[in-house]
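K.L.:
Chains as they are written, first to last, in my numbering: chain A, 1 to 271; chain B, 1 to 267; chain C, 1 to 311. Pasting a structure here, questions to come.
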Amino acid sequence: MRSLIELKDLGVDFVDRGALGRQRGKVTAVDGVSLAMGPGEIVALVGASGSGKTTTVRVALGLQEPTRGVARFRGNDIASFKPSERWEMRRRVQMIFQDPTEALNPRMTVEQIVAEGLVIHRIGHDRPSRRAAVVEALGFVGLLPAEDFLGRHPHMLSGGQRQRVAIAAALALSPDLLVADEPVSMLDPSIRADILNLFAKLRTERGMSTLMVTHDLPSAYHLADRIYVMNRGRIVEEGSPRDVLRAPRDPYTRTLVEAASGRPIGVPDHA
Amino acid sequence: MALVEVEDLNVWMAADGRSVHAVKDANLTLEAGGQHAIVGESGSGKSTVLLALMGLLPPNATVSGKVFVDGVDVLRGSEAALAALRWRTASMVFQSSSNPFNPVRTVRSQIVAALRLHGRGKAEAERRARDLFDMVRLPSECLGYYQHQLSGGMRQRAAIALALACQPKLLLADEPTTALDPIVQAEIIGLILSLRRELDLALILVSHDLALVGHLEGSLSVMLRGETVEQGPVREVMAAPRHEHLRSLIAALPDFALASASSEVPA
Amino acid sequence: MSPVEPTALGGLDASNAPAWNPGRALGPKLVVAIVVLASFALVALVGRFLNLDPGAIDVAHIFQPPSMEHWLGTDDAGRDIFMQLIIGAWPSLVVGLSAAAVAVLIGGTVGILAGYSRGWLDLVLLRVMDYFIVVPALPFAMVITAVWGPGLGHMILVIAILLWSTTARVVRAQVKSGRERLYVIRARMLGASHLHVLLRHILPQALPLIGTTGSLAVALAILTQAALEFFGLAGTAVLSWGSMIRFAFQRDAMLNGAWWMVAPPGICICIVITACYWLAQCLETALNPRLRTTDLRVRSFRVLAVSRGER
Chain A
1 MRSLIELKDL GVDFVDRGAL GRQRGKVTAV DGVSLAMGPG EIVALVGASG SGKTTTVRVA
61 LGLQEPTRGV ARFRGNDIAS FKPSERWEMR RRVQMIFQDP TEALNPRMTV EQIVAEGLVI
121 HRIGHDRPSR RAAVVEALGF VGLLPAEDFL GRHPHMLSGG QRQRVAIAAA LALSPDLLVA
181 DEPVSMLDPS IRADILNLFA KLRTERGMST LMVTHDLPSA YHLADRIYVM NRGRIVEEGS
241 PRDVLRAPRD PYTRTLVEAA SGRPIGVPDH A
Chain B
1 MALVEVEDLN VWMAADGRSV HAVKDANLTL EAGGQHAIVG ESGSGKSTVL LALMGLLPPN
61 ATVSGKVFVD GVDVLRGSEA ALAALRWRTA SMVFQSSSNP FNPVRTVRSQ IVAALRLHGR
121 GKAEAERRAR DLFDMVRLPS ECLGYYQHQL SGGMRQRAAI ALALACQPKL LLADEPTTAL
181 DPIVQAEIIG LILSLRRELD LALILVSHDL ALVGHLEGSL SVMLRGETVE QGPVREVMAA
241 PRHEHLRSLI AALPDFALAS ASSEVPA
Chain C
1 MSPVEPTALG GLDASNAPAW NPGRALGPKL VVAIVVLASF ALVALVGRFL NLDPGAIDVA
61 HIFQPPSMEH WLGTDDAGRD IFMQLIIGAW PSLVVGLSAA AVAVLIGGTV GILAGYSRGW
121 LDLVLLRVMD YFIVVPALPF AMVITAVWGP GLGHMILVIA ILLWSTTARV VRAQVKSGRE
181 RLYVIRARML GASHLHVLLR HILPQALPLI GTTGSLAVAL AILTQAALEF FGLAGTAVLS
241 WGSMIRFAFQ RDAMLNGAWW MVAPPGICIC IVITACYWLA QCLETALNPR LRTTDLRVRS
301 FRVLAVSRGE R
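The structure is reproduced here in structure tokens:
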């Protein structure tokens with residue numbers, strides 16, 4: 001099975017240099033992280049802010065050069081990509097952001113937003129052919145009838161609908177991998193399941209993989225094939241959702257599961 | 001008279017030429033030191049109820065009904081009465097991501113300003129600011145920080161300190177833990193609840209997180225599109241939901257959360 | 001179609017409000033502004049293309065107050081003021097308009113360049129803008145006139161040079177923040193070129209702002225032109241409102257009590273500038289979807305009277 005993303009012993013240090021270029025301080029954001037994903041998989045990367053998960057994902061996206069270790073996309077070292085390979089990667093890996101409102105240009109119509117990637121990558125020679133792709137993508141994410149949505153602006157859509165548009169815009173490019181950064185944390189709980197199911201649908205029907213970055217355990221539990229838990233730059237636990245969340249071995253993971261249950265920390269118990 | 005009395009509260013919001021019935025016939029009674037949670041999604045009207053309690057509804061709002069806080073008629077009372085109410089009797093904590101502090105002033109200056117506005121002298125205000133930070137378990141050097149230098153959880157602690165500055169009787173918390181990491185969320189809720197016990201505060205907590213609310217004492221109301229669809233003691237409401245909405249929300253809670261919810265609930 | 005869900009602040013906040021919000025803008029202010037400007041434009045065209053004549057020098061009727069014959073009286077040479085006002089409209093407006101157009105063109109371009117670039121280009125342009133902002137208007141105009149000589153064309157350039165940096169700063173700020181928006185970051189991640197980002201995302205946001213500052217620039221240009229003409233820096237060849245005021249003072253109109261020589265052109269300038277300003281205000285209201293902030297000291301929401309038993 002050809003792997004999609006492979007991170008091996010990844011290390012990322014951020015060095016603070018003074019005015020004269022001398023090293024003033026060093027922050028190790030990621031330390032010895034190994035992670036692998038293949039096609040048709042949903043992997044959840046769980047951790048709090050500061051855990052290094054954002055930096056890890058940036059390396060996987062090719063936006064950050066690792067200080068140590070290697071990052072591979074489809075078997076090839078990202079650091080040694082030619083410009084044409086980088087360009088390919090920009091199409092094959094798509095990002096879904098946390099804030100669906102900010103991710104959409106309020107002055108553009110839904111059609112323009114979904115078609116923007118196609119325009120940039122010059123897929124589809126004219127508007128009608130691009131429109132067909134847009135309609136198809138909107139249909140897949142459940143915005144039906146698609147024609148009704150083409151001319152709408154983001155402010156006419158609910159939060160959940162906006163995120164669907166963002167996902168449609170991503171899948172219009174037929175990527176191999178979606179990287180979703182807290183895709184449902186800004187949405188109401190009752191509609192989160194529907195949006196998460198879209199990722200599952202993409203996996204089943206299109207063989208698309210998703211790397212979901214989140215600190216929301218219930219989302220990861222419902223959706224992921226595998227979970228990696230990060231704390232302080234390291235992976236402290238990995239495995240299936242059942243194993244990781246029902247019987248966590250690492251104390252940090254245990255605390256995380258406790259917190260996800262909603263039980264407050266630090267309240268003195270009654271006698 | 002109870003500390004908080006809300007009777008047949010209705011709020012309409014005018015937007016874009018239309019009028020939206022944001023809150024329908026809301027009722028609430030809360031005694032001093034009591035605790036109430038309002039659960040609902042965006043658009044349910046839950047935050048509007050809190051704003052109404054403080055008399056902070058925007059100009060495009062129309063209200064009917066009665067809202068009394070500590071005997072003060074919030075909707076129809078004088079400006080002076082409302083000004084005396086705000087922060088001294090009732091204060092509010094907002095979402096951490098809403099950046100509740102003035103970004104160009106230190107946190108200390110804002111807490112001190114609030115205290116001085118309500119009659120304390122400068123030295124006393126400085127002392128109280130330090131005490132407040134101890135109370136919310138923040139190191140006192142953070143007093144000199146600006147809002148952006150604090151993490152989400154720390155900012156929220158500072159916001160709680162600010163809210164408690166004038167020793168109010170009632171604390172309103174509007175989604176205080178949303179957008180924070182789960183562990184920090186649990187810590188902040190833990191802080192709010194223990195402060196409540198320490199200071200004998202009444203607390204009204206608004207959230208969309210049912211897992212969180214299920215662990216609380218006191219009463220609970222569930223709002224859906226402006227209507228209160230469930231109301232009663234937390235345990236009763238959670239155990240026997242009458243409305244489909246709450247049933248589906250409870251069903252959406254993950255197994256491992258439910259497992260802990262049914263066990264020890266604080267008395 | 002799903003309705004806009006109400007939030008605590010009444011349904012529309014800065015994030016989900018439409019980009020064009022004409023609601024409060026289409027008020028009486030906008031109507032008045034447009035009517036006024038259109039009327040003056042019409043008058044200016046009439047003055048330019050219908051060969052009007054203020055009348056030959058008529059020494060017998062100098063400094064005549066307004067009458068049925070001469071609606072606004074006569075000047076020191078017996079010529080009709082009203083005619084002069086109409087004739088003077090064109091130069092006054094055209095210079096203002098052209099100067100504003102040039103200023104906005106330069107300012108908009110520089111602003112976009114400065115706002116979009118992140119490195120030394122921004123710093124350099126910023127310093128250039130700063131320099132031009134502090135250049136004092138009148139001394140600068142005097143120097144230029146001394147070097148180039150007077151004339152309408154030179155005046156357009158002088159005014160444009162004085163005004164462009166204000167537009168540039170405003171546009172730069174807008175572009176700078178626009179560049180950091182998530183949808184721009186997303187487009188760049190997709191591999192969009194800078195040109196694509198500028199054309200698709202930055203420019204549509206900047207253009208309305210340029211329109212607003214443009215209206216203000218017109219107002220400022222007209223005022224600056226009048227000032228320059230008043231000081232005689234524009235030369236005496238062209239009759240415009242500013243030069244009318246200048247002649248009035250030069251030829252002792254006030255000493256002769258001839259207020260009708262001074263007031264009408266001054267009032268016209270004021271009216272046009274105010275109309276431009278109102279237009280700019282209305283444009284800004286329409287383009288700015290942010291709600292007013294509530295004044296917490298005064299209860300601003302409405303309370304319905306409640307009678308028991310009524311619902």
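C-beta: ideal position from N, C-alpha, C; glycine also. As the structure is a prediction and not an experimental result, all values here were calculated from the model.
Taking DSSP as the reference, what is the three-state secondary structure of residue 27 of chain B?
P.N.:
Three-state result, residue 27 of chain B: strand.
K.L.:
Rounding to the nearest angstrom, what Cα-Cα distance links residue 70 of chain A and residue 45 of chain A in this structure?
P.N.:
18 Å
K.L.:
For the putative contact between residue 256 of chain A and residue 217 of chain A, defined by C-beta atoms under 8 Å, what is the C-beta separation to the nearest angstrom?
P.N.:
6 Å
K.L.:
Between which two residues does the alpha helix (DSSP H) holding residue 214 of chain A run?
P.N.:
Premise fails: residue 214 of chain A lies in the beta strand (DSSP E), 209-214, not in any alpha helix (DSSP H).
K.L.:
Does residue 145 of chain B come out as helix, strand or coil in the three-state DSSP assignment?
P.N.:
DSSP places residue 145 of chain B in coil when its eight states are reduced to three.
K.L.:
Less than 8 Å between C-beta atoms, sequence neighbours within five positions excluded: which residues of the same chain meet that for residue 220 of chain B?
P.N.:
36, 37, 38, 39, 213, 230, 231, 232, 233, 234, 237, 238
K.L.:
Please classify residue 80 of chain B as buried or exposed, where buried requires at least 16 neighbouring CB atoms within 10 angstroms.
P.N.:
exposed
K.L.:
Taking all protein chains shown into account, decide if residue 270 of chain C is buried (16 or more other Cβ within 10 angstroms of its Cβ) or exposed.
P.N.:
exposed
K.L.:
With DSSP collapsed to three states, give me the class of residue 92 of chain B.
P.N.:
strand
K.L.:
I'd like to know whether the C-beta of residue 62 of chain B is nearer than 7 Å to at least one C-beta of chain C.
P.N.:
With its beta carbon less than 7 Å from one in chain C, residue 62 of chain B belongs to the interface.
K.L.:
Are any of the Cβ atoms in chain E nearer than 7 Å to that of residue 215 of chain A?
P.N.:
No chain E is part of this structure, whose protein chains are labelled A, B and C.
K.L.:
Per DSSP, what kind of secondary structure is residue 53 of chain A in: helix, strand or coil?
P.N.:
helix
K.L.:
What distance in whole Å lies between the Cβ atoms of residue 244 of chain C and residue 312 of chain C, which are believed to be in contact at a cut-off of 8 Å?
P.N.:
For residue 312 of chain C there is no data in the structure shown, the boundaries of chain C being 1 and 311.
K.L.:
Helix, strand or coil for residue 26 of chain A, going by three-state DSSP, please let me know.
P.N.:
Strand.
K.L.:
Here's a check: name, in chain order, each residue in its chain whose Cβ is nearer than 8 Å to the Cβ of residue 33 of chain A, leaving out the five neighbours to either side.
P.N.:
These residues qualify, in order along the chain: 7, 9, 10, 11, 52, 56, 69, 230, 233, 234, 235.
K.L.:
Please report whether the beta-carbon of residue 120 of chain A lies at a distance below 7 Å from any beta-carbon of chain B.
P.N.:
no
K.L.:
Taking the straight line between their C-alpha atoms, what separation do you get for residue 249 of chain B and residue 216 of chain B?
P.N.:
Rounded to the nearest angstrom, the two C-alpha atoms are 17 Å apart.
K.L.:
Tell me whether residue 259 of chain A is buried or exposed, calling it buried when 16 or more other Cβ atoms sit within 10 Å of its Cβ.
P.N.:
Per the 10 Å Cβ criterion, buried.
K.L.:
Mind listing which residues of the stretch 69-101 of chain A have their C-beta closer than 8 Å to chain B's C-betas, in chain order?
P.N.:
none
K.L.:
Taking 6 Å as the cut-off, is the CB of residue 241 of chain C close to at least one heavy atom of the ligand HEM?
P.N.:
This structure lacks the ligand HEM; in fact it carries no ligand of any kind.
K.L.:
Between residue 250 of chain C and residue 155 of chain C, how many whole angstroms is the CB-CB distance? I'm expecting something under 8 Å.
P.N.:
Not a contact, Cβ separation roughly 19 Å.
K.L.:
Does residue 14 of chain A come out as helix, strand or coil in the three-state DSSP assignment?
P.N.:
strand
K.L.:
So the beta strand (DSSP E) residue 68 of chain C belongs to, where does it begin and stop?
P.N.:
Element bounds for residue 68 of chain C: n/a, residue is neither H nor E.
K.L.:
Looking at chain A, which residues of the stretch 35-46 of chain B have a Cβ within less than 8 Å of any of its Cβ atoms?
P.N.:
41, 42
K.L.:
Examine chain C for any beta-carbon lying closer than 7 Å to the beta-carbon of residue 107 of chain A, and answer yes or no.
P.N.:
yes
K.L.:
Please work out which residues of its chain come closer than 6 Å, Cβ to Cβ, to residue 115 of chain A, disregarding the five sequence neighbours upstream and downstream, and give them in chain order.
P.N.:
130, 134
K.L.:
Look at residue 184 of chain C and residue 171 of chain C and say whether their C-beta atoms are less than 7 Å apart.
P.N.:
no
K.L.:
I need the boundaries of the alpha helix (DSSP H) containing residue 187 of chain A, first residue and last residue.
P.N.:
Neither: residue 187 of chain A is in no alpha helix (DSSP H) and is coded neither H nor E.
K.L.:
With a floor of 3 residues, list each beta strand (DSSP E) that falls wholly inside the stretch 52-82 of chain A, ordered by position along the chain.
P.N.:
68-73
K.L.:
So, for residue 227 of chain C: in the same chain, excluding its five sequence neighbours on each side, which residues have a beta-carbon less than 8 Å away from its beta-carbon?
P.N.:
Excluding five sequence positions before and after residue 227 of chain C, the CB atoms of its chain that fall closer than 8 Å to its own CB belong to 137, 138, 242, given in chain order.
K.L.:
Is the beta carbon of residue 157 of chain B sitting closer than 7 Å to the one on residue 172 of chain B?
P.N.:
Pairing residue 157 of chain B with residue 172 of chain B gives a Cβ-Cβ distance that is not under 7 Å.
K.L.:
Just to confirm the assignment, what range does the beta strand (DSSP E) spanning residue 245 of chain C have?
P.N.:
Per DSSP, residue 245 of chain C belongs to no beta strand (DSSP E); it is in the alpha helix (DSSP H), 241-250.
K.L.:
Does the beta carbon of residue 105 of chain B come closer than 7 Å to any beta carbon on chain C?
P.N.:
no
K.L.:
Output the distance between the C-alpha atoms of residue 290 of chain C and residue 213 of chain C, rounded to the nearest integer angstrom.
P.N.:
The predicted model places residue 290 of chain C with a pLDDT of 48, which falls under 50 and marks its position as unreliable, so this point remains unresolved.
K.L.:
Taking the alpha helix (DSSP H) that residue 234 of chain A falls in, what are its first and last residues?
P.N.:
Residue 234 of chain A -> not in any alpha helix (DSSP H); beta strand (DSSP E) instead, spanning 234-239.
K.L.:
On the DSSP letters alone, give me the boundaries of the alpha helix (DSSP H) that residue 104 of chain B sits inside.
P.N.:
Careful: residue 104 of chain B lies outside any alpha helix (DSSP H) and carries neither H nor E.
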